[in-house]
Amino acid sequence: MALSFFSKNKKALVARCRDDYVTKMRLKYAPYYHAMEAQKGTTVRLDGREMIMLSSNDYLGLSFHPKVIEAGQAAMTKWGTSTNGARISNGSRAFHLELEEKLADFLGREACHIHAAGYLSCMSSVASFAQKGDIILADKNIHSCLWDGIRLSMATVERFSHNNPEDLRSVLAAINTDAAKMLVIEGVYSMEGHVARLPELTEIAEENGCFTVLDDAHGFGVLGRQGRGTVDHFGLNDKIDVLCGSMSKSLASVGGFVSGSSEVIEYLRTHSKQTTFSAAISPAQAACASASLDIMKSEPQHLERLWANTKKYRAILKNLGLDTWESETPAVPIVLGSKERVYPFWKALLDKGVFTVMSIAPAVPAGKDLIRTAISAMHTDEQLAKIADAMAYAVKKL
Ligand SMILES: Cc1ncc(COP(=O)(O)O)c(C=O)c1O
Numbered sequence: 022m023a024l025s026f027f028s029k030n031k032k033a034l035v036a037r038c039r040d041d042y043v044t045k046m047r048l049k050y051a052p053y054y055h056a057m058e059a060q061k062g063t064t065v066r067l068d069g070r071e072m073i074m075l076s077s078n079d080y081l082g083l084s085f086h087p088k089v090i091e092a093g094q095a096a097m098t099k100w101g102t103s104t105n106g107a108r109i110s111n112g113s114r115a116f117h118l119e120l121e122e123k124l125a126d127f128l129g130r131e132a133c134h135i136h137a138a139g140y141l142s143c144m145s146s147v148a149s150f151a152q153k154g155d156i157i158l159a160d161k162n163i164h165s166c167l168w169d170g171i172r173l174s175m176a177t178v179e180r181f182s183h184n185n186p187e188d189l190r191s192v193l194a195a196i197n198t199d200a201a202k203m204l205v206i207e208g209v210y211s212m213e214g215h216v217a218r219l220p221e222l223t224e225i226a227e228e229n230g231c232f233t234v235l236d237d238a239h240g241f242g243v244l245g246r247q248g249r250g251t252v253d254h255f256g257l258n259d260k261i262d263v264l265c266g267s268m269s270k271s272l273a274s275v276g277g278f279v280s281g282s283s284e285v286i287e288y289l290r291t292h293s294k295q296t297t298f299s300a301a302i303s304p305a306q307a308a309c310a311s312a313s314l315d316i317m318k319s320e321p322q323h324l325e326r327l328w329a330n331t332k333k334y335r336a337i338l339k340n341l342g343l344d345t346w347e348s349e350t351p352a353v354p355i356v357l358g359s360k361e362r363v364y365p366f367w368k369a370l371l372d373k374g375v376f377t378v379m380s381i382a383p384a385v386p387a388g389k390d391l392i393r394t395a396i397s398a399m400h401t402d403e404q405l406a407k408i409a410d411a412m413a414y415a416v417k418k419l
């Protein structure tokens, strides 16, 4: 009896997958899950054609840096391919501790913990510390991993308008409670390219005793001294309790980090399910991130080139009258306002050999449907000229 009840439900779930409208549309128009056949820096091959990659998060362009590749290969030779277990049990290695110390030192923090994905790091930065009965104040536009952390924590969530300290203040005034509070924000917002209004936001957090979590996946490597990130850019390190981020962007690897005081990081090592029940980052990925960090410190030309390219790229878009949502960073959205406008624009860019990513509501706020683009230090002037031509062509197609 129990078995047939179970199988009936299972069929309902299979039908849900088969009949899902969103999946059907995705498969029909095929805008996502493109598998590149080859890649060299910012050039990729797709369906046999050479394309310029204009949506990667390889901001500093280090993923093809010889020292990074060499470090990854050497680590694999020395340590094998996998850690085969969680840090708490059999997965911890000396290179994990070395990278954590190096990152903590770079960020000016007491301690750091690394994970196999930025998603895990950022989710656990919220879920490990907040609990039922707490209040979480969240910027409306934070990344999905932070929302997942919020949901897992079972805390009560209050949203405030994107990057709007005045709204945060009024939400806090309306709550008026003694419950423990957490503020969850990003340093640089990945879709919008906005830099957090950190001086005002941290001042309000301080006044209200908020524990502040900042995800700097897109600020790390891009802002601050040698790319230390958004918090360093504003000189507000002592105002942020947990600073987390990803290694899959400027660090040209895969993985993530959580940094903070020693007591906060040790608490995470005890309570974070994402930490205690997930395998440790692989030898090669940790080594690549570590080598990239060394390069960030010793080769300033990548950061300089990133900003020079960003300036040139923004000028291209501005000349064409495109709306870049006031992006201030190398993550530059082209806001077109509806999926009916986004699709032909994206397709026109693709036809001209420029690969970008569409982002439509509800992934972005309604009316902000956009093409997400990101500049890399590795884009050449020749590529920027081709991008300019492709953009002009796409504008005509609107
Ligand atoms: C703001 C932000 N946080 C966290 C992540 C997750 O990082 P990862 O892709 O390295 O898992 C991303 C990735 O897109 C991100 O944009």
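The opening residue of the sequence shown carries number 22 in this note's numbering; numbering runs sequentially from there.
Ideal Cβ placement from N, Cα and C applies to all residues, glycine included.
Less than 7 Å separating the Cβ of residue i from some heavy atom of ligand 1?
i, result
"residue 427", "In this structure the chain extends from 22 to 419, so residue 427 is not present and cannot be described."
"residue 215", "no"
"residue 349", "no"
Just to confirm, are residue i and residue j a CB contact at a threshold of 8 Å?
i, j, result
"residue 276", "residue 125", "no"
"residue 304", "residue 214", "no"
"residue 310", "residue 120", "yes"
"residue 368", "residue 414", "no"
"residue 144", "residue 169", "yes"
"residue 83", "residue 323", "yes"
"residue 165", "residue 279", "no"
"residue 244", "residue 251", "yes"
"residue 161", "residue 182", "yes"
"residue 416", "residue 390", "no"
"residue 112", "residue 300", "yes"
"residue 76", "residue 212", "no"
"residue 222", "residue 206", "yes"
"residue 336", "residue 89", "no"
"residue 357", "residue 149", "no"
"residue 80", "residue 242", "yes"
"residue 318", "residue 404", "no"
"residue 153", "residue 132", "no"
"residue 268", "residue 139", "yes"
So who's on the other strand from residue i, going by DSSP bridges?
i, result
"residue 391", "356 and 380"
"residue 67", "70"
"residue 231", "202"
"residue 302", "In the DSSP output, where bridge partners are listed per residue, residue 302 has none listed."
"residue 177", "156"
"residue 344", "356"
"residue 147", "Paired residues: none, contrary to the question."
"residue 236", "207 and 265"
"residue 136", "277"
"residue 417", "For residue 417, which the question treats as bridged, DSSP gives no partner whatsoever."
"residue 61", "64"
Of all Cβ atoms in chain C, is any one closer than 8 Å to the Cβ of residue i?
i, result
"residue 300", "Chain labels in this structure do not include chain C; a single protein chain is all it has."
Tell me the DSSP secondary structure of residue i in three-state form.
i, result
"residue 212", "coil"
"residue 22", "Caution applies to residue 22, whose pLDDT of 49 falls short of 50 and renders its modelled position unreliable; the value that the coordinates give is listed next. Coil at residue 22, not helix or strand."
"residue 171", "helix"
"residue 152", "coil"
"residue 46", "helix"
"residue 262", "coil"
"residue 270", "coil"
"residue 278", "strand"
"residue 243", "coil"
"residue 31", "helix"
"residue 99", "helix"
"residue 385", "coil"
"residue 107", "strand"
- Neighbouring residues (CB closer than 5 Å to any heavy atom of ligand 1): 138, 139, 140, 143, 164, 166, 211, 236, 238, 267 and 269
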